[in-house]
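Undergrad: Chains as they are written, first to last, in the working numbering: chain W, 45 to 251; chain X, 45 to 251. The structure is given below, and queries will be raised subsequently.
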């Protein structure tokens with residue numbers, strides 16, 4: 045950590061370059077995995093970190109299945125697109141990043157500021173779907189960063205058959221798959237060349 | 045940064061506790077803002093960091109408007125919900141986090157591994173909308189973390205009228221608003237009490 049002190053009363057902690065490298069600048073999406081197990085304690089810690097990130101009205105809709113058993117991987121297999129099959133079967137862990145469409149039932153507990161928060165969503169299908177998808181996805185990104193912060197690599201994927209995953213893992217529930225993410229210690233030899241990014245002016249403007 | 049060396053050949057950098065506090069554990073969504081400007085260089089740097097986070101096929105659909113002029117704020121005003129109005133008008137910067145529904149036109153450049161990537165989306169409205177929303181939202185989360193890493197505070201919001209924002213800022217384009225985010229140096233006196241989070245077992249399971 046570095047401290048930047050542009051004014052006396054406004055010293056602000058900031059992340060050092062090496063930490064930014066770990067999380068963003070040098071982190072890569074991995075396709076191949078070392079034969080090295082992922083400690084369950086790290087997965088638990090990553091969830092405890094990611095859940096602290098902000099969501100709208102603290103809706104916190106993300107739900108996760110960490111698939112790591114042979115039997116669990118076989119249930120995933122028919123849902124995987126050909127390009128994602130081999131690496132996913134080989135990954136120590138594949139997380140199903142999902143969201144619960146009934147997240148609003150928990151709002152009396154999760155958002156005590158607003159006793160009527162449940163009524164903002166109950167019966168409003170479009171608002172439910174959009175809120176679950178947006179906030180479940182924000183939380184999925186927090187999880188990616190949290191895993192990297194703990195020294196793990198990940199490989200998120202959206203190339204899979206959601207209906208098959210939902211039927212295999214979430215039948216009879218209001219939970220729906222969002223994306224998949226392989227987790228482990230990546231094999232640098234199997235990285236693709238890094239793809240280019242847009243320039244600042246193509247992304248952002250000032251108004 | 046700390047190094048954890050559980051095995052000789054597998055030393056992995058990890059984030060230290062203070063950095064996790066800055067990004068997640070002690071970071072808060074802010075509602076009040078100090079009278080302290082946000083250097084443009086920090087906004088530019090945050091974009092350069094956030095754009096390195098992973099998106100599906102490097103689609104990178106996020107687009108941003110950093111609203112900081114009086115005139116820009118006035119264009120935003122009619123779109124804001126009552127609960128978000130005052131704090132947004134007072135924030136040094138309000139980012140419109142948006143996505144471009146024509147992101148796929150850039151894929152020949154952004155995803156050179158797959159020369160046919162454009163055809164995965166062109167003309168496929170549902171795939172376009174879902175991919176833009178999911179990946180634009182992942183990038184929005186990366187931006188939140190990047191801003192915090194640079195010592196800034198933020199206050200993301202989804203309580204606003206998207207149609208008004210789209211008409212005021214994105215008329216005649218394929219860009220659509222996703223969420224708003226106030227950016228500045230937060231006033232700790234205006235924080236709400238932190239809302240509770242779900243327990244691990246309510247979020248995640250193993251399979």
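Glycine residues also receive a C-beta, built at the ideal position from the N, C-alpha and C atoms.
(1) Can you pull the chain X neighbours of residue 125/W, defined as C-beta to C-beta under 9 Å?
(2) Given this structure, state the Cα-to-Cα distance separating residue 151/X from residue 235/W, to the nearest angstrom.
(3) Strictly below 8 Å CB to CB, what residues from chain X border residue 217/W?
(4) Let me see if you follow: with CB-CB separation under 9 Å, is residue 251/X close to chain W or not?
(5) So the beta strand (DSSP E) residue 68/X belongs to, where does it begin and stop?
(6) Between residue 102/W and chain X, is there a C-beta pair that is closer than 9 Å?
(7) Using only the alpha-carbon positions, how far apart do residue 145/W and residue 201/X sit?
(8) Determine the DSSP secondary structure at residue 154/X, reduced to helix, strand or coil.
(9) Can you name, in chain order, every residue of its own chain whose Cβ lies under 6 Å from the Cβ of residue 76/X, other than the five neighbours on each side?
(10) Please compile the residues from chain X whose C-beta is within a distance smaller than 9 Å of the C-beta of residue 97/W.
(11) Can you give me the C-alpha to C-alpha distance between residue 158/X and residue 121/W, rounded to a whole angstrom?
(12) CB residue 147/X to CB residue 181/X, shorter than 9 Å?
(13) Quick one: what does DSSP say residue 215/W is sitting in, helix, strand or coil?
(14) Is there a Cβ of chain W sitting closer than 9 Å to that of residue 175/X, yes or no?
(15) Can you tell me whether residue 75/X is helix, strand or coil according to DSSP?
(16) Please classify residue 98/W as buried or exposed, where buried requires at least 16 neighbouring CB atoms within 10 angstroms.
(17) Would the beta-carbon of residue 191/X fall within 9 Å of that of residue 108/X?
(18) Please classify residue 212/W as buried or exposed, where buried requires at least 16 other C-beta atoms within 10 Å of its C-beta.
(19) Relative to the C-alpha of residue 66/W, which residue among 119/W, 195/W and 112/W is closest?
(20) In whole angstroms, what is the alpha-carbon distance linking residue 224/W and residue 132/W?
(21) Are three or more beta carbon pairs between the segment 129-143 of chain W and the segment 173-187 of chain W nearer than 8 Å?
TA: Taking the structure as given:
(1) Here residue 125/W corresponds to residue number 81 of the first chain, with the count starting at 1. None at all; the shortest Cβ gap to chain X is about 11 Å.
(2) Numbered from its first residue, the second chain carries residue 151/X at position 107. Numbered from its first residue, the first chain carries residue 235/W at position 191. Distance between the alpha carbons of residue 151/X and residue 235/W is about 19 Å.
(3) Taking the first residue of the first chain as position 1, residue 217/W is located at position 173. Ordered by position in chain X, no residue passes the 8 Å Cβ test against residue 217/W, which lies about 11 Å from the chain.
(4) Residue 251/X sits at position 207 when you count from the first residue of the second chain. Yes, its Cβ sits closer than 9 Å to a Cβ of chain W.
(5) Here residue 68/X refers to the residue found at position 24 of the second chain. No beta strand (DSSP E) holds residue 68/X; DSSP gives it neither H nor E.
(6) As a first step, residue 102/W is located in the first chain; it is residue number 58 there, counting from the start. Yes, residue 102/W lies at the interface with chain X (some Cβ there is under 9 Å from its Cβ).
(7) As a first step, residue 145/W must be located in the first chain, where it is residue number 101. As a first step, residue 201/X must be located in the second chain, where it is residue number 157. C-alpha separation (whole angstroms): 20 Å.
(8) Sequence index remark: in the second chain, residue 154/X carries index 110 (1-based). In this structure, residue 154/X counts as helix in the three-state DSSP scheme.
(9) The residue given as residue 76/X occupies position 32 in the second chain. Only 231 and 234 meet the Cβ criterion.
(10) Taking the first residue of the first chain as 1, we reach residue 97/W at position 53. Correct list: 67, 68, 71, 185, 188 and 189.
(11) Walking along the second chain from the start, residue 158/X turns up at place 114. Walking along the first chain from the start, residue 121/W turns up at place 77. Going by the C-alpha atoms only, they are around 24 Å apart.
(12) Here residue 147/X is taken as the residue at index 103 of the second chain, counted from 1. Here residue 181/X is taken as the residue at index 137 of the second chain, counted from 1. Cβ distance not < 9 Å, so residue 147/X and residue 181/X don't count as in contact.
(13) Residue mapping note: residue 215/W aligns to position 171 of the first chain, counting from 1. Residue state, collapsed to three classes: coil.
(14) In the second chain, residue 175/X corresponds to position 131, counting from 1. At least one chain W Cβ lies under 9 Å of residue 175/X.
(15) Taking the second chain and counting its residues from 1, the one referred to as residue 75/X is at position 31. Reduced to three states, the DSSP call for residue 75/X is coil.
(16) What you label residue 98/W is simply residue 54 of the first chain in a count that begins at 1. Residue 98/W comes out buried.
(17) Working through the second chain from its first residue, we reach residue 191/X at position 147. Working through the second chain from its first residue, we reach residue 108/X at position 64. In this structure, residue 108/X does not lie closer than 9 Å to residue 191/X by Cβ.
(18) The residue you call residue 212/W lines up with position 168 of the first chain. That one is buried.
(19) Here residue 66/W refers to the residue found at position 22 of the first chain. The shortest Cα separation from residue 66/W among 119/W, 195/W and 112/W belongs to 195/W.
(20) Here the question's residue 224/W lines up with position 180 in the first chain. Here the question's residue 132/W lines up with position 88 in the first chain. Distance between the alpha carbons of residue 224/W and residue 132/W: 9 Å.
(21) yes
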